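Novice:
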Amino acid sequence: MRWSDVEVTVPRPHLRLAGVRMAGFSQHAPGFWDVAMIAHPSVSLLVDLSDGAGAVYETAGAVQRGSVAAGLLPGPVRATGWARVECLQIRLSPVAAAALLGPAADLTGQVVPLGEVWRRAEGRLRAAGSWDERFTVATGLLSERWRTDPEVAHVWARTVASRGRPRVDDLAGEVGWSRKRLWSRFRAQLGITPKHAARLVRFDHAAHLLAVGRPPAEVAAASGYADQSHLHRETREFTTLTPAAVAAAPWLAIDRTAWPGGPPR
Numbered sequence: 164m165r166w167s168d169v170e171v172t173v174p175r176p177h178l179r180l181a182g183v184r185m186a187g188f189s190q191h192a193p194g195f196w197d198v199a200m201i202a203h204p205s206v207s208l209l210v211d212l213s214d215g216a217g218a219v220y221e222t223a224g225a226v227q228r229g230s231v232a233a234g235l236l237p238g239p240v241r242a243t244g245w246a247r248v249e250c251l252q253i254r255l256s257p258v259a260a261a262a263l264l265g266p267a268a269d270l271t272g273q274v275v276p277l278g279e280v281w282r283r284a285e286g287r288l289r290a291a292g293s294w295d296e297r298f299t300v301a302t303g304l305l306s307e308r309w310r311t312d313p314e315v316a317h318v319w320a321r322t323v324a325s326r327g328r329p330r331v332d333d334l335a336g337e338v339g340w341s342r343k344r345l346w347s348r349f350r351a352q353l354g355i356t357p358k359h360a361a362r363l364v365r366f367d368h369a370a371h372l373l374a375v376g377r378p379p380a381e382v383a384a385a386s387g388y389a390d391q392s393h394l395h396r397e398t399r400e401f402t403t404l405t406p407a408a409v410a411a412a413p414w415l416a417i418d419r420t421a422w423p424g425g426p427p428r
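When the letters of the sequence shown are read in order and numbered with our numbering, they come out as residues 164 to 428.
See the structure below:
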């Protein structure tokens, strides 16, 4: 599959929710597709609306078919299929995911089938006459207000806004918590520690710089890594790939169209 054969549609502004990003992907002609997904700092719902057998998601030791939820840090994930692709992808900030799906810790490191609510919604999404209608249906399912600690939400938003740069002690001080309390509450609700969240956000920024052709040494300096070797180690840990391979990953090629502005906060 070539990304030039894929049409990307995003919601109109009035359908956008805090902590939520949505995009619709439509392949113009049926054919085989094989995409390596790159780690990013959000929880993804992938609602498969394709014809035929649908998508297959392969990750370490597990295979899932159809519509799935991918938590933070599921490891290398490869999506394959043979059909005309129609997929609604919803990216949730970990704060939104914790409130809408339950503690994000329950999804961390996993790719699992979507829950019953979304399986029932698939019929409505398939029957919709346009992506605008599909986004309206999805927004209706997501629009109830969620509850998480405002302190946790603040720390996540600061981590994204600063591209993973702030010190955990400084963030704890901003919300009036001890480092230990922030560490405990953040991990319980979002599934990863504040330090690991900062690493993931920083890597996401670096990956997108690599994807637009910036050299690894320059990316390392711009993203806050100690040196190019540090960037190489982090890239290997998050993706098993080299920085050069991440730069060529097709999954990143459409991010500026589908996910402008970076990760959801």
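For each residue, glycine too, the CB sits at the ideal point set by N, CA and C. In this text the structure is predicted, and so the values were computed from the model without any measurement.
#1: In angstroms with no decimal places, state the Cα-to-Cα distance between TYR388 and LEU394.
#2: Do HIS203 and ALA370 count as a contact pair if the criterion is CB distance below 9 Å?
#3: For my contact list, ALA385 and GLN391 are in at a C-beta cut-off of 8 Å; report their separation, rounded to the angstrom.
#4: Would PHE349 and LEU236 be called neighbours here (beta carbons separated by less than 9 Å)?
#5: Distance check for GLU249 and GLY187, CA to CA, integer angstroms please.
#6: Going by CA-CA distance only, name the one from ALA407, ASP312, ASP333 and LEU372 that's closest to ALA259.
#7: Can you round the beta-carbon distance between ALA284 and VAL300 to whole angstroms, since I take them to be within the 8 Å contact cut?
#8: On a CA-only basis, which of ALA416, PRO357, TRP346 and GLY194 is nearest LEU373? Give me that one, please.
#9: I'd like to confirm the pairing. Which residues does DSSP put opposite GLN391 in its beta bridges?
#10: Consult DSSP for LEU209 and reduce its assignment to one of helix, strand or coil.
#11: Counting only runs that start and end within the segment 181 to 242, where is the beta strand (DSSP E) found for 3 or more residues in a row?
#12: Grab me the residues of ALA429's own chain with a C-beta within less than 6 Å of its C-beta, minus the 5 sequence neighbours each way, in chain order.
#13: Is ARG321 helix, strand or coil when you go by DSSP?
#14: Could you give the first and the last residue of the continuous alpha helix (DSSP H) run that contains PRO174?
Specialist: With the given structure in hand:
#1: In the sequence shown, counting from the first residue as 1, residue 388 sits at position 225. In the sequence shown, counting from the first residue as 1, residue 394 sits at position 231. TYR388 and LEU394 have their alpha carbons spaced roughly 6 Å apart.
#2: For the purposes of this step, residue 370 is identified with residue 207 of the sequence shown, where counting begins at 1. For the purposes of this step, residue 203 is identified with residue 40 of the sequence shown, where counting begins at 1. Result yes, Cβ atoms of ALA370 and HIS203 sit closer than 9 Å.
#3: Position 222 of the sequence shown holds residue 385. Position 228 of the sequence shown holds residue 391. About 12 Å separates the two Cβ atoms, so there is no contact after all.
#4: As a working note, residue 349 is residue 186 in the sequence shown. As a working note, residue 236 is residue 73 in the sequence shown. Not in contact: PHE349 and LEU236 (Cβ atoms no closer than 9 Å).
#5: Locating residue 187 in the sequence shown gives position 24, where the first residue counts as 1. Locating residue 249 in the sequence shown gives position 86, where the first residue counts as 1. Taking the straight line joining both Cα atoms gives about 7 Å.
#6: If you number the sequence shown from 1, residue 259 lands on position 96. Measuring C-alpha to C-alpha distances from ALA259 to each of ALA407, ASP312, ASP333 and LEU372 identifies ASP312 as the nearest.
#7: Your numbering for residue 284 matches position 121 in the sequence shown. Your numbering for residue 300 matches position 137 in the sequence shown. Contact between ALA284 and VAL300 is confirmed by a C-beta separation of about 6 Å, below the 8 Å threshold.
#8: Counted from its first residue, the sequence shown places residue 373 at position 210. Of ALA416, PRO357, TRP346 and GLY194, the residue nearest in Cα terms is ALA416.
#9: Reading the sequence shown from its first residue, position 228 is the one you call residue 391. Note: GLN391 sits in no beta bridge, so no partner.
#10: Here residue 209 refers to the residue found at position 46 when the sequence shown is read from its first residue. Three-state result, LEU209: strand.
#11: Entirely contained in the segment 181 to 242, the beta strand (DSSP E) runs reaching 3 residues are, in chain order, 183 to 190, 194 to 200, 206 to 211, 219 to 222, 225 to 228 and 231 to 233.
#12: Nothing can be reported for residue 429: it is not among the residues displayed for the chain, which extend from 164 to 428.
#13: Position 158 of the sequence shown, counting from 1, holds the residue named residue 321. Correct three-state label for ARG321: helix.
#14: The count along the sequence shown starts at 1 and reaches residue 174 at position 11. Neither: PRO174 is in no alpha helix (DSSP H) and is coded neither H nor E.
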